[in-house]
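Before any comments, here is the structure.
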Amino acid sequence: MIAEQVRTHRPATPEEVCDLVAEAGAHARHTEIIGGGTKRAIGTMDRVDQVISTQRLDRIIDYSPEELVLTVQTGVRLADLERLTAAKGQMLAFEPPSWTRLLSAYGEPTIGGVLAANLSGPRRIRAGAARDHLLGFDAVSGRGEMFKAGGRVVKNVTGYDLMKLMAGSWGTLAVLTQVTIKVLPAPRTEMTLLLFGLPDVRAAEAMAAAMNGPFEVTGAAHLPAHAAQARPLKADMPVTALRLEGFEASVQARAEALVVMLKPFGRIDQLEAEHSREFWGQVREVDAFAGDPRPLWRLSLPPASGWKAPHGLPGDALYDWAGGLAWLLTEEPAAKVRAVTRALGGHALCLRGAAAFGAREGPLGALQGRVKDAFDPLGVLNPGRMEDPA
Amino acid sequence: MKMPAPDDALMARKGEIVRALRRIVPGEGVVAEPADLVPFESDGLSAYRQRPLAVVLPETTQQVSEVLHWCQANGVKVVPRGAGTSLSGGALPLADGIVLGLSKFNRVLEVDYANRCAVVQPGVTNLAITVAVEAAGFYYAPDPSSQIACTIGGNVAENSGGVHCLKYGLTTNNLLGCELVLMSGEIVRLGGKAMDADGYDLLGLVTGSEGLLGIVTEVTVRVLPKPQTAQALLLGFPSVEAAGACVGDIIGSGVIPAGLEMMDNPAIRAAEAFVGAGYPVDAAALLIVELDGPEAECAELSGHVRILAAERGADFVKVSTSEAERLAFWAGRKAAFPAVGRIAPDYFCMDGTIPRGKLPQVLTRITELSTAYGLGVANVFHAGDGNLHPLILYDADTPGELERAEAFGADILKLCVAVGGVLTGEHGVGVEKRDLMSEMFDETDLACQMRVKCAFDPGQLLNPGKVFPVLHRCAELGRVHVHRGKVAFPELPRF
Chain A
5 MIAEQVRTHR PATPEEVCDL VAEAGAHARH TEIIGGGTKR AIGTMDRVDQ VISTQRLDRI
65 IDYSPEELVL TVQTGVRLAD LERLTAAKGQ MLAFEPPSWT RLLSAYGEPT IGGVLAANLS
125 GPRRIRAGAA RDHLLGFDAV SGRGEMFKAG GRVVKNVTGY DLMKLMAGSW GTLAVLTQVT
185 IKVLPAPRTE MTLLLFGLPD VRAAEAMAAA MNGPFEVTGA AHLPAHAAQA RPLKADMPVT
245 ALRLEGFEAS VQARAEALVV MLKPFGRIDQ LEAEHSREFW GQVREVDAFA GDPRPLWRLS
305 LPPASGWKAP HGLPGDALYD WAGGLAWLLT EEPAAKVRAV TRALGGHALC LRGAAAFGAR
365 EGPLGALQGR VKDAFDPLGV LNPGRMEDPA
Chain B
7 MKMPAPDDAL MARKGEIVRA LRRIVPGEGV VAEPADLVPF ESDGLSAYRQ RPLAVVLPET
67 TQQVSEVLHW CQANGVKVVP RGAGTSLSGG ALPLADGIVL GLSKFNRVLE VDYANRCAVV
127 QPGVTNLAIT VAVEAAGFYY APDPSSQIAC TIGGNVAENS GGVHCLKYGL TTNNLLGCEL
187 VLMSGEIVRL GGKAMDADGY DLLGLVTGSE GLLGIVTEVT VRVLPKPQTA QALLLGFPSV
247 EAAGACVGDI IGSGVIPAGL EMMDNPAIRA AEAFVGAGYP VDAAALLIVE LDGPEAECAE
307 LSGHVRILAA ERGADFVKVS TSEAERLAFW AGRKAAFPAV GRIAPDYFCM DGTIPRGKLP
367 QVLTRITELS TAYGLGVANV FHAGDGNLHP LILYDADTPG ELERAEAFGA DILKLCVAVG
427 GVLTGEHGVG VEKRDLMSEM FDETDLACQM RVKCAFDPGQ LLNPGKVFPV LHRCAELGRV
487 HVHRGKVAFP ELPRF
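So the sequence lines, in the order shown, correspond to chains A and B. For the first sequence, our numbering gives the first residue as 5, with consecutive numbering after it. For the second sequence, our numbering gives the first residue as 7, with consecutive numbering after it.
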């Protein structure tokens, strides 16, 4: 819980961040780390004595479109980076979501927050996750020491890949102050094929068939009836969507082949460029579930099993990543959601309504704890954020 | 290159160590006779050799666990080994340690097309994964040149790349999960068949950790449907600068080829003499550009690339017209190292990465260094991602040449760092680049990495002497930083 009077520091330089964290260690001050603060609702935390916001670390250090790399401070807003790269015909290929509507959050997501939470959108199935695009960083560890890892080139195996460790560590190991990320050319065009009325299991088959052919699908989602009712589709039946992106001739050729392959699944419609973009924006933001008061879960599963999880858990679901990501609104107890997900070979994150991460257990849980201690032995940074009680 | 001084007391216990290993791995799974240990003395970095105390070749995860548990309890160091093709000395044995070889873990356990993945044992070769899935139209994307021999376990340890990683990523981008045995003998599973991590991404951390964090006993890799068509172009240029500029033009125009390789004239000549791939032996530089996808895409992009090449003065253009011809184009490139091996008694293969734009500058400097050191050099690059492989030619039988070659190599890598690049793109630090780590990282950076090592292996028994230039005790590294000379409120409980 965050009391009203807790002070928020807004350091303007990495050195100031370092001083603040070092002081926090010396005074045993529990410190919450935020970017835009839009994901604060996710997970619980032990007592917080102060907040450090990275928002004033907002400099673009270097953007070399021809090198496909971008170096920025972590308080730079995601929306600003998207505009910057789009102006050069490039993009953050992992298609990061902001989830602001989904979480009813105020403020603007920052690139630091996106990476700390390893947030990736529909294109994750083709382009990889946020963690695959982080090439290097500067950070302040919980020890109050500035350190760096990685570099500014894509191919680099010099030292441990701490980038992977930082991505998805939710600010519990270090405060990222500067990051170098890989950017890619944006596709010239996109289009989406839609299938209608498929039950979940048939939709999973259709998505697998599309993924298993040479179609280079960059988005594969299934919206059961409840989710399909939302804008922009406003459909009165389930909708399954497959996105193709790239050069015009290539997209056209792949679409024609995919239509032939999908014949057994019934009627096929197309969404052209603008409508396709709008649709996938809504999938990325899980807009269909925004404003629903029920507990909200994000289940990461083997794609072919995705549809099975919600069938053991009454509620409403929506599938992305060809089934590998299931969004679920359910009143079922957290322990049951986690157990069903685990039994299918996946894991669950609760965004609203229960502990976010679940307990760390066994030798792996102990190892995760030792990794935390290696970077933050005093437990200063986001204490308890990834360590929910059993 | 110095390794930590061997512990005489441990070496004196060889008989006891071998007996203990034989209790865990019966039969022929423990190699102890000096003559039988010779094949394990070195890996792909054959300039360095060391005979280990013994080699153990377990067959089950349980045996790996028991071996590590026993070694930890008895303070015995362990060097993991796959096929021994490392080019950085990652599997170089220790005189007072054992080698744990994974060659008996050679089975493909499961192919799961519904989830587009394969579960394999670490001793399976990189190419064997593709062979296991190709009948169904799939392949495993990372393709290091040694793919017929190198194992997936070694690929995980080194985060191996290959000529197609520009578009399809390195090993780390193509893994879903692994089973890992810690030095304590504990067995943990990282990841699985889902697409992101539960808790910290330890799978990502372990990938490329060069056998210092644990021993991988099972790997789940992503497999991809094969592209409909693939086409390769050979483009010869009158200057290295023009070829380098063309690389920038291609990527700058929004095209990410499946592969984008460059060879300089000595490398072209060596490869052509070796395999007869149809390379232009008079060109100063050769680009191999591979495009894949639907036929319509390959046709469009191939035309586009040819226009860009012509604008930079390419005077040799050849487009593959069949799959056999495409593979022949690559055969020359993939054989570049052995080809160079035929024109010089010995060579060192370097592995720095630089920002692509610095390519001409770095090449010019390498040529100057080559003259200064009096040693020849042939250059092979993964140009698309700026990964250089200068091959330094020398003769180990000529006194002083090995040391000169090492110094030349170190200068090249320092140059890579100086222009904004890194020491190693895909071969790993190992022992080869260990002493150069401080060119890239300061003491605090290295301490952060070594503390990760301590979280996995507090006794530092797993592959010590690799990656880090100085070994610190974990207790010393774990000490909490004292802010401005004092910890305030020292009486407060520290949790």
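C-beta: ideal position from N, C-alpha, C; glycine also. Owing to the predicted nature of the structure, the values given are computational and were not obtained by experimental measurement.
{"Query": "Stretch-stretch touch, CB-based, cutoff 8 Å, three pairs: the region 73-83 of chain A with the region 54-62 of chain A", "Result": "yes"}
{"Query": "Strand pairing of THR181(A), partner residues [DSSP]", "Result": "BP columns for THR181(A) are empty, so no partner."}
{"Query": "For SER304(A) and GLY362(A), believed in contact at Cβ under 8 Å, the rounded distance", "Result": "Not really, about 12 Å apart at Cβ, beyond 8 Å."}
{"Query": "Meets three-Cβ-pair contact criterion under 8 Å: the region 19-28 of chain B and the region 453-468 of chain B", "Result": "no"}
{"Query": "Per DSSP, cross-strand counterpart(s) of GLU249(A)", "Result": "GLU194(A)"}
{"Query": "Length of the line joining the Cα atoms of VAL31(B) and GLU65(B)", "Result": "8 Å"}
{"Query": "Residue-chain proximity (ARG63(A), chain B), Cβ-Cβ < 8 Å", "Result": "no"}
{"Query": "Outcome for SER430(B) when other beta-carbon atoms lying within 10 angstroms are tallied against a minimum of 16", "Result": "In the sequence under discussion, the amino acid at residue 430(B) is Thr, which differs from the Ser named in the question. Label assigned to THR430(B): buried."}
{"Query": "The region 382-396 of chain B in contact with the region 261-279 of chain B per 3-pair CB rule at 8 Å", "Result": "yes"}
{"Query": "Per-residue burial, GLU497(B) [other beta carbons within 10 Å of its own, 16 or more giving buried]", "Result": "Interpretation of GLU497(B) is limited by its pLDDT of 46, a score under 50 that renders its predicted location unreliable; no figure is taken from the coordinates."}
{"Query": "PRO86(B) Cβ short of 7 Å to the ligand NAD heavy atom set", "Result": "This structure does not include the ligand NAD; it has no bound ligands of any sort."}
{"Query": "Proximity below 8 Å, CB of GLU247(B) to CB of VAL125(B)", "Result": "no"}
{"Query": "For LEU266(B), the residue or residues it bridges with in DSSP", "Result": "VAL295(B)"}
{"Query": "Burial state of ARG288(A), where buried means 16 or more other Cβ atoms lie within 10 Å", "Result": "buried"}
{"Query": "Alpha helix (DSSP H) segments (min. 4 residues) lying fully within the region 302-383 of chain B", "Result": "329-340, 342-349, 365-379"}
{"Query": "Residues from the region 116-140 of chain A in contact with chain B, defined by Cβ distance under 7 Å", "Result": "ASN122, ARG128, GLY132, ALA133, ARG135, ASP136"}
{"Query": "The region 456-464 of chain B in contact with the region 430-448 of chain B per 3-pair CB rule at 8 Å", "Result": "no"}
{"Query": "Cβ neighbours of LEU133(B) in the same chain (closer than 7 Å, five flanking residues each side left out)", "Result": "GLN153, ILE154"}
{"Query": "Residues near ALA494(B) in its chain [Cβ-Cβ closer than 6 Å; skip 5 each side]", "Result": "Confidence in ALA494(B) is poor, its pLDDT being 45 and thus under 50, which makes the residue's placement unreliable; the coordinate value appears in the next sentence. Cβ within range, chain order: n/a, list empty."}
{"Query": "Chain B contacts made by the region 51-84 of chain A, where a contact means CB separation under 9 Å", "Result": "SER68, PRO69, GLU70, GLU71, LEU72, VAL73"}
{"Query": "Closer than 8 Å to chain B by CB, GLU204(A)", "Result": "Correcting the residue identity first, residue 204(A) is Asp in this sequence and not Glu. Cβ-Cβ to chain B under 8 Å: no for ASP204(A)."}
{"Query": "C-alpha distance - THR157(B) paired with PHE354(B), whole-angstrom precision", "Result": "22 Å"}
{"Query": "Beta strand (DSSP E) segment containing TYR110(A), residue limits", "Result": "That residue, TYR110(A), is in no beta strand (DSSP E); it is neither H nor E in DSSP."}
{"Query": "Residues near THR334(A) in its chain [Cβ-Cβ closer than 7 Å; skip 5 each side]", "Result": "ARG298, PRO299, TRP301, LEU317, PRO318, GLY319, VAL341"}
{"Query": "Endpoints, beta strand (DSSP E) assigned at GLN274(A)", "Result": "272-275"}
{"Query": "Rounded separation between ALA208(A) and GLY285(A) - CA only", "Result": "21 Å"}
{"Query": "As assigned by DSSP and simplified to three states, the class of ASN180(B)", "Result": "helix"}
{"Query": "Close Cβ partners of LEU106(B) (< 6 Å) along its chain, the five nearest in sequence each way excluded", "Result": "VAL62, VAL84, PRO86"}
{"Query": "Simplified DSSP state of ASN216(A), which is helix, strand or coil", "Result": "coil"}
{"Query": "Beta carbon of GLU47(B) nearer than 8 Å to that of PRO99(B)", "Result": "yes"}
{"Query": "Expected contact under 8 Å - CB spacing of ALA210(A) and PHE283(A) to nearest Å", "Result": "With 8 Å as the limit, ALA210(A) and PHE283(A) do not qualify as a contact, their Cβ atoms being about 17 Å apart."}
{"Query": "Residues near TYR164(A) in its chain [Cβ-Cβ closer than 6 Å; skip 5 each side]", "Result": "none"}
{"Query": "Close Cβ partners of GLY198(B) (< 6 Å) along its chain, the five nearest in sequence each way excluded", "Result": "GLY183"}
{"Query": "Amino acids of chain A, ordered along the chain, whose beta-carbon sits closer than 7 Å to that of ALA120(B)", "Result": "ALA212, ALA308"}
{"Query": "Secondary structure, beta strand (DSSP E): runs of 3+ residues fully inside the region 80-157 of chain B", "Result": "83-87, 103-107, 114-118, 123-126"}
{"Query": "Cβ contact check for the region 225-243 of chain B and the region 292-302 of chain B: 3 or more pairs under 8 Å", "Result": "yes"}
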